[in-house]
Structure formats: C-alpha cells, structure tokens
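In the UniProt record's numbering, the protein residues as written are 1 to 1120. For glycine and all other residues, C-beta sits at the position ideal for the given N, C-alpha and C.
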Amino acid sequence: MEKQAKIELRPEDRGDDYDAIVVGSGYGGSVAACRMSTAGIKVCLLEKGRRWKAEDFPTDSRKIMSAVRYENQNLGLRFGPEDALFQLYEQNDSLAAVACGLGGGSLVNAGVMLPTPIRARRNLKWPKEWERDWDICESSAAAMLRIQSSSVKFPIAKVMGEIAGAEFEANIESSVKLSVKFDVEEPPSNPPKLEQINNCFACGNCLAGCPYNAKNSTDKNYLMSAIQAGCTIRTKCQVQYVIKNPHGICQPGGISRKRRWRVYINEIDYITSDWVILSAGVLGTTEILFRSQMRGLRLSDTLGSGFSCNGNTLAYVAGSPAPLNGYGLNRKQLSEIPFQDRPGPSISSSHTSSLGFTIQSAILPRAYPYLLFEGITTYTWPTGYQFFHGIVDRLKHFIGLNLSQSIILNAMGYDESNGKIMLEKDTDKICFHPPQDPLLPRKIMAFQKLTKKLGGILFMSRYRSTAVHLLGGCNASSDSSGGVCNHKGQVFDPKTPATVHAGLYVCDASLIPCSVGINPSLTIATAAEHASRYLVQDILEYKSKISTSVAAVDRNQSPATGKKLEHDDGSTNLKSSDKRNWFIGEPHPLLRGKAGGTPYTQYMRYRLLLAAASGSRYILEGKKIMNPCHFALYAWRETTTLYVTFNKVAPSGSTDTMLNLKGELRVSFIELLKCFTSLKGNGRGRFIHLLIQTLIRTYILQIPRGTRENFIVTDSCDKSYPSSTIDDIRTADGYIIRSRHWKNARNPLLLSREKVLNPILLLNGYSTESYWLPTEPHDLVRTLLEEGHEVWLLQTRLHPLNPANNATIEDIGKYDIPAAFGKILEVHGPSTKIHVVAHCVGGLAIHIALMGGHVSATHIASLSCTNSSMFFRLTALATIKMCLPLVPISMAILGKNKILPLLGKSKGSSGHRLLKYIALYLPRYERCTCKECEVFSGIFGNTFWHENVSPAMHQWLNKQSSTKLPMSAFPHLRRICNSGYIVDSNGNNSFLIHPERMAISTLYISGGRSLLVTPETSYLANKYMKLHQPGFRHERAVVDGFGHSDLLIGEKSHEKVFPHIISHIRLAEQEGNDLTPRKKDSKEALDWGDDPYREYGDFGCWIFALAITFFFLLLHVLFW
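Okay, structure coming up:
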C-alpha cells in the first residue's frame, strides 16, 4: 500500500487499471473491497487518511492534539492536518466527530457490535429488500469482525449494573459484544485466518486507538482479505468528485471498451474505472456527490436529506467516589493493576430504556485532554464548579489521587432523521443541520439521575447535538423521490424514478435511512454486506458480457488468429500497467511498457510482440534498472542499457524447444543525441525535464518514492494456515532446540489407500524464516502439505527466539540436525527416509552433518538446497565485506551479548546502537526506507530483491519475524566465506575430503540475479556430485530474476522456484526406498555448466567493493 501524499497522476495518465474503485475504508468500504477482491475483481481503494499502526496511536494529550483536525464553520477557523485521525466539525450548536485513517471509524470507536434493533428494521423508511438476507449478512459481518464478549466483569460494568437497574427497564449489558480479542491466546502453531492480534489488556484506551493491537478494526480483517486477494490500497488520497467518462467507446451490444467513470483526485488528475463505490462516510460521500452534481452528474433532489445523528448525546461524570476505574492506563500501570481491576474496554455494558434510548458508560482514554470535558466545552450540573473543578481534578489525577472517579456517558436513540447536509457555495465547504431529537430532555434527566447515584458532577455538552454516529444523507429508497440510492446502493439517475447510474454505488453509513438507536457499526457492515452481494454479481455479469463481446469482435477482425495468439498479443500486459507509470500521452498500440520499482530502485519494462515474414512470432521483453547504490558513476550505463530476452512463441500443439535468447541493448552517446534532437510534439520539453528530474532524484538526491512501511502487516492469507505443533528437542550437547511440525492434513481414509509419503525437514538460513510465511498464500510449507507430505521445520540454536549463545554453524550440523533426525525417526521408525530442503546457512549445516558423518545418507530421501551447498561463493561486495575485518570488529563492538536487536525501538547496549549506526552507512545493492531492513542488509548484505517480495512479506519479515540477529556464528561463517567451501569452526577442511558420505540425490538452486551468493555455488556443487556420486540423480536450476532468499519468500516463488523442488521430491519418491544407486540416463541440465553465469551489473559490484573498502579505511582512521 503506497503512501500517496503526492499522488503523481497527470491528465494523460488514462489507463484501464481497475475494475472498481472504492473511496473510503470504514465499515462500508472495507466490506465492498473485500467482497469484490475475493471474487477476482481488480479493486483499488482510496483512503484520505494514513495507515495507523498500534504504536502510532496517541497515548498522551500532547500527541493527540497533533492528531486532531478542527473546523469551526461559525468562526471560519480551521487547524490541524487534513488527514488527522480525529476530524471535528463545529457548526452552530452542533458538533460532529469522525475518524480518518485506513480502517475509518473502527480505528477509534469502542468496537461495540450489537444487532440491529427490531424497532429500526420496522421503520417505514427501512428498505424491505434488506430483510430478505439481513440475518445472513449480519452473521457474515459478525464473523469477519470476530466479535467477542469478555468473560470478566470490569469495575465500571459492576457499578453501572448496580445503579442503572432501577432506572432502565431493559438491561442488555450481558449481551454486549465487541470487535476486541478477549479469548485465551491461541498457540502460535495455529495462526488465525486474518491478521493475528493480541489479547485485550483492558487498558481503557480504545477511543484513542488501541496501542496494544487488540482491536479487530477493519484494517485487520476485511482489508486484510482484500489485500490478500490483490486489492490495491492508496492512503493519503482524497477524492473530490466523480463524473462519467465522456470518452467511452461502445462496442456491439452497448458494451464499453473504456472505463465508465472518472474519479478525480483534484481538478486535473483522475483515475478511471467501471465501478465507483463511495464509502467515505456520511459527510465525505455526500460531499463527493454534491461536487459531482455541480459538474453535471444527475442526482436525486433528496441528496443530503434524511441526515441522522443516531440520537447521540454525550456527557462526562467526574468526582465520583465509586470505584469506576474510568481513566485509561499507561504501560507502567498495567503491570501494577490486576486484569480484573483494570478499566476494561472502553464500553463493556449497555443499558436501554423503554423510552427509546440507550446509555452506555465509557472509559476516558489517557490521551484525551480532560479539561475539555470539565468546564471548557461543557456545562456542569450541579452548577458552580465549572473550570475550577477541572483544574483541581487534573491535579489530583496527576499526583495519583482518586484515579477512578470519572466516566463518559453516551446516549443513543431515535431522532427524527430529518437533518440536512449541504455544500455551501460561498465557502465551498460541507455544512449540516442536525435532526430534531425529541428525547433529548429525557436523556439529560437520565444523566442527572445516574450522576446522583454516582455521587459525582455532571458535565453536559454545550452542543444540542454531539454526534459520533452519523447516518443517512444518501438514503436507500425504492425510487429517486425518496432517496439517493436503491437497496443495493446503486445511485439513482432521476431521469426516471427507478433508473440508476450504471457502476456508481454508495456503500457506507449514508445509506441507512433512519436512526438505529444503538451503536451502528454492525448495522453498517451488514448493509454493506447486502449491497456487496449485488455489486459483485453486477460486476461479474458485466465482465462476462465484455469478455463475450471482445472475443466476438476479435474473431471477426482476425479470423486467422488462434486462441494462443489472443492471449499473447500483449493486451493483457497493457491492461495491467499502472496508469501512473505511463509517460506523455496514450501509449503507442505496438508498445507495451510499464515503469515502477521500489522506493529507491527504479525499473522500466517493455514487451513487444514481433512477427516474421515466415509467420513465426517472437516476444521481445526488456528491462531497465536505475539503482542509486551504483552511484552516479554507473548512471550512464544503467540509463543507456536495456537487458532483453528474445523468445519465440510456440505454435499451438508444438512440443519443440523454442528459441530463448538473452542480451543487452545499449545506446551510444551519439545515438542518444539523435533521439533527443528528433523528439517532436508539445510534450518534448516536459519529457526531457522529467527525464533529467528522474536522474537527479535517483542518483544525486536519492529521494525515495514512497515507503514500504505504509503497507499493512498481514499475518495470514485468505485461507487459514494449517495447524502445527511445537516439539522440544534436546541435542547431544544438552541444548534445547525446537521443531515446528505439520502433520499430513489429508483424509485419513484416503491415506490408508495411498502410499505414505516421506516426511520433509526444512532448514532455514541464518536466523531468518523462509518457509513458514503467514502473509503468503503459497509458501513452501503449504505447498508441501498440499503434496501430502508431513513437514518438520527446525528452529536451530541460531533462531532469534533462543537465548544468546556461542553457537557455530558446525554446532548446527553436529548437534541440531542429528537431533532433529532422531526425533523424526523416533516418530516414524528407524527405516524412514527424510527429504531435506535447506537454504543458505541451513544448506551449509546439512552438508557439514552429512560429510562430517553426523547424519547417515541412508536416512535421506533427497536433498534440495537454495543458494547453498558444500561450496559458498559470494558476490564481489560480500567477498570484500568478509575479507575486511568487519566481522571481528563487529564482534568486539557487541561484547558478550551477541544478539543484535533490529527493531527501531528496541533497547540495546551502546555497542548494539553503534553497530546498527555503522551498518546503516555501509554500501549495499539496494536501499530501503525501512530501518530494520537497512541495518540487516548493512551487516549481512541484501538478501532479496525488493521487487520480488510483496509489501506485506517485507513488513512481516522486518517488523515481526527477523527482529533479532544472533551473530555468534559470524566468525565461523566468515571462515567459510573466505575459504569458498565448508570448513570447521577452526577453518580446517574436514568435510570435502569425504564425498563417499554424499550418496544421495541432490538439487541445487541459485538465483539468476545474484545477491550474496553467486550461481557458481550451485555449479560447483552439481559438478562435485556428478563427479563423485554418478549413480545418483543430480540436478541444478538457476532461476532468472531472483536473488537470495527471495527464491523462497518471493511472490512468484510458487510459480518459478517451488516446481523444481516438488519435481525433485516426486522423482525421489518414485525411485522408492531402493538403496542401490541407479545410473540415470536422462539428459542432464547443463545450461550453466560450460560458461560462468553472467549477472546484470557486474561492473557495479566492483564499484561497491571499492566503496566498502574506502568506508573501512575511513572507519580505521576515525576510530584507530
């Protein structure tokens, strides 16, 4: 999810990028984005605010003031950032509060999830069509939001239950459910389907945003699922208005080949789509439609009418001697107060009167400025206390006295739903008039009675309406005379009463035509679920018609073109291109290009379909790389070099091997001058300006484009992760290691009829996870389980969760791996064979175990290694790092504690901080805006190309998985790297002299675009095994475009890397348990055997080497 504070859209950036655009990410927009994305629809969600992580939410008054936007229509006063978390609008005698951020109101509300009352559903304005599937949709929303009830009755609920019973005929406190996690923490072996969150700490700070990640806001469920399904999310992107695309081209049957709607970010820049779903909240959606109406969009005259504040009235009770525990707690207080005595969630009880309103007590977050509630924005009852009481009360709170004397009272009910929202032409700002609330006097009387029983002072709002639950404005109705939308959310075209604007939907609280009377969150989500059902059906039917029409037109125009060529004509690539990455004007119909990249590194890709006179067809694909870490000295070569592949398209039914060529296209200085002088058109100057600006920004200023940290952290994909168990294993030297164990998930009845497959042992690289990836839908663990294997994932003594130790890689091969084999053989029997898949250091360790005689080859069914073997050949940059005494210096800086904390907020010694500071400035192949990634790559080197890894994977890897780096084994790793092959901890060659111990089938995989380890590692290993063990099957694969760990954690790993591993394991299974070596007569893949692998940017590698040498000399001068 890319930060879009400055979304770079231009008038010429018109692309058919998205089927649907969702505006807003609250309970409505999140549902719509989720349901469309999971249905295979290409969706882009635009959010005005930014993404808020748990640690970002304000925890004190100073921080919360910087997270507030205040607009006073009466005084014309506005202050605070436009994308602030809290948005306050004061007009006349009314105050409305809304939230702004990825997740909308779910970020800072109390998370109360109550079913829609019967009274609301029987309202004459309530659409009858909603009742057909309301209960089903409500259940679906409740399941996604994972609503729960607390088993603990917190102090405020106990007090309110005792004093409210006589005043309220209906008491529903026992049925209050929240979108907050209370249940016992699930074992890590069974991660949930959606993002894993923490248990509630009962701190009472919900209304300022949960600082402990315990709230199921929509960014952790609906939006998670949407992102997993491919939804694009852009934050800090405010939509102004939408209009119909005037340049649509119609095909036979009225099918449009261009997008139907334009969504304007400002007066010039827009995005196009076939569907627009407005979910920007009541004020936001209504404002967008008003601005759209001003630009010619026909809308119902009822736009802005039927506005409801859900009967909201707020009050504040202070000075009560009752044990309310109504103040939010900080981290220090949490450790001092037992869970059951803490404030609890913001709202844990609800009390309903037969008069038609509900009162809930709420905890005041620690970050809220109390004085605003005590006399500044309120009236007091009894009178005479006012501001002075607020100061005295604040002083008592500051010195620790009477910490449990204040609460918020929130009343909700059924107002007349006759409010009005308008767009003032003079100020061009939205304004509103609240509805009449006939129950307001009775609510105030109820507040006074409760205050009396609490023995406190009541501070009532100065405003006639203080609303936090806004509803209506685009009411659902049967025709345009009664509302703006129908029950599906489709926006009416008032040309005729029931006509709708095709592709324009509203899906948020503005659809609700009347007050709900209780917290409306679940009602809004339910209405969105209902609308989304019809929305998805509408889109799928439309796309089906388009596909049929386009196919018919293509066949009529090109009768000789087969289906194979329809797929390969490049149109698919064009449609998937990002409109922001097109340059001046519409692209030439023959050119298929896309520009993109990571925050620092820029990529440009081309795809061109060529036809020869003979009828043969070819695909020319090119890639240009601009990497600032190559320094400006390398800028000329990068900007004038295009790396290309030339592939012949195979005719239908052909099994012949097609022509696949690789090369480089370079432009000389003279040719470049000719190109510039031959440029024509009005955009020539702008093109040159943009090109020079890009070069300066990339190579000189090195300003990142966006940041990868604005992507949502995902802990699971769209399907739940298979359950696993954790086994403790004691090694021969007495160390306790662990193994995560996944059993075969297939039906036991089927397993009894099928051949039982051998188990698989996975060995990670140096302390980082490469196999068990909760954010990825197709990691290697899932893939192997689907194959029917039992999977064991070893967590060695170098695992970040293990305590500090002086382990070496030899210790893993000598003790950890044999212990893991012993555990598996104990479970399955001594005759069991085990498939081993190892990466990086894990591959070194398994070769040490085998060639050192610690594990017998008779127990191994097959061995697969990625970027590792008994050889370990490094890139130029990594070689220089290991040759220079950087590792010994680092170990000296670390001292006794050899575990380096990587998280930016992690506490560590001065040595840890110094080492991380130095690591930030070491040269590397790719830079990153994530500090944790920068530190890791500075010490270890880049382990993956950022373009290959999903943003969610990148965030999870750096923020959750690899939070610590045990460095005790670095000296041994340095000896191996400098030797180029495995040696013992003393540097002796004790292993390569025993090839007879490697009587196994092997597969060695390397990345074709080297990082850390070069393909020579797999080449030498494959050659070694064929030389010494010719009777076994030995394979080697070099996968283009991949570096190091992205072979396993990349988005496309399941398509390009895993098939090699699966095929190798399948062949080993087919060979059976026959221990007699059999000579394989099949042709070996020797593509890389004759010539050393040539990677892109080899010249830059040596620039890096020189740079790091200079950096080391500088350190030597400064510190020694």
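Is the distance from the Cβ of residue i to the Cβ of residue j below 9 angstroms?
i            : j            : result
residue 540  : residue 41   : yes
residue 877  : residue 924  : yes
residue 871  : residue 1021 : yes
residue 1068 : residue 1018 : no
residue 806  : residue 795  : no
residue 809  : residue 845  : yes
residue 278  : residue 407  : no
residue 50   : residue 235  : yes
residue 414  : residue 311  : yes
residue 327  : residue 455  : no
residue 1037 : residue 1062 : no
residue 458  : residue 242  : no
residue 296  : residue 422  : no
residue 1182 : residue 869  : Since the first residue shown for the chain is 1 and the last is 1120, residue 1182 is missing from the structure and cannot be characterised.
residue 432  : residue 87   : no
Please report the residue range of the alpha helix (DSSP H) in which residue i lies.
i            : result
residue 1028 : 1016-1028
residue 838  : Per DSSP, residue 838 belongs to no alpha helix (DSSP H); it is in the beta strand (DSSP E), 834-839.
residue 1068 : 1058-1071
residue 819  : 817-828
residue 686  : 684-695
residue 138  : 134-145
residue 76   : Here residue 76 belongs to no alpha helix (DSSP H), and DSSP marks it neither H nor E.
With distance defined between alpha-carbon atoms, name the residue in the options nearest to residue i.
i            : options                : result
residue 314  : 334, 155, 357 and 301  : 357
residue 784  : 772, 76 and 615        : 772
residue 477  : 498, 457 and 465       : 498
residue 1049 : 774, 28 and 157        : 774
residue 74   : 55, 95, 809 and 59     : 95
residue 149  : 1051, 43 and 347       : 347
residue 960  : 952, 966 and 967       : 952
residue 651  : 983, 123 and 618       : 618
residue 624  : 864, 55, 608 and 601   : 601
residue 615  : 954, 648, 608 and 606  : 648
residue 838  : 723, 1044, 921 and 892 : 1044
residue 28   : 852, 124 and 218       : 218
residue 365  : 58, 461 and 694        : 58
residue 201  : 154, 245 and 434       : 154
residue 430  : 515, 72 and 827        : 72
residue 513  : 985, 417 and 97        : 417
residue 491  : 988, 1065, 298 and 680 : 298
residue 344  : 1058, 240 and 158      : 158
residue 915  : 1057, 933 and 889      : 889
Just checking my contact of residue i with residue j at CB under 8 angstroms: how many whole Å lie between their CB atoms?
i            : j           : result
residue 991  : residue 847 : 7 angstroms
residue 741  : residue 731 : Residue 741 to residue 731, Cβ: 17 angstroms. No contact.
residue 213  : residue 197 : 5 angstroms
residue 1125 : residue 261 : What is shown of the chain runs 1 to 1120, which leaves residue 1125 out entirely.
residue 206  : residue 111 : 6 angstroms
residue 531  : residue 273 : 17 angstroms between Cβ atoms; not a contact.
residue 966  : residue 800 : 6 angstroms
residue 176  : residue 349 : 6 angstroms
What residue does the beta strand (DSSP E) around residue i start on, and which one ends it?
i           : result
residue 964 : 964-966
residue 242 : 241-244
residue 19  : 18-23
residue 972 : That residue, residue 972, is in no beta strand (DSSP E); its alpha helix (DSSP H) goes 970-979.
residue 94  : 94-99
residue 946 : First-last for residue 946: undefined, no H or E at that position.
residue 432 : 429-433
residue 792 : 791-795
>> Taking 8 angstroms as the cut-off, does the segment 502-521 touch the segment 467-478 (at least 3 CB pairs, one atom from each stretch)?
In response: Because the criterion of three Cβ pairs below 8 angstroms is met, the segment 467-478 and the segment 502-521 touch.
>> Quick check: the segment 18-36 against the segment 504-514, are at least 3 beta-carbon pairs closer than 8 angstroms?
In response: Short answer: they touch.
> Below 8 angstroms, can you find three or more Cβ-Cβ pairs linking the segment 70-88 to the segment 263-271?
Replying inline: No, they do not touch.
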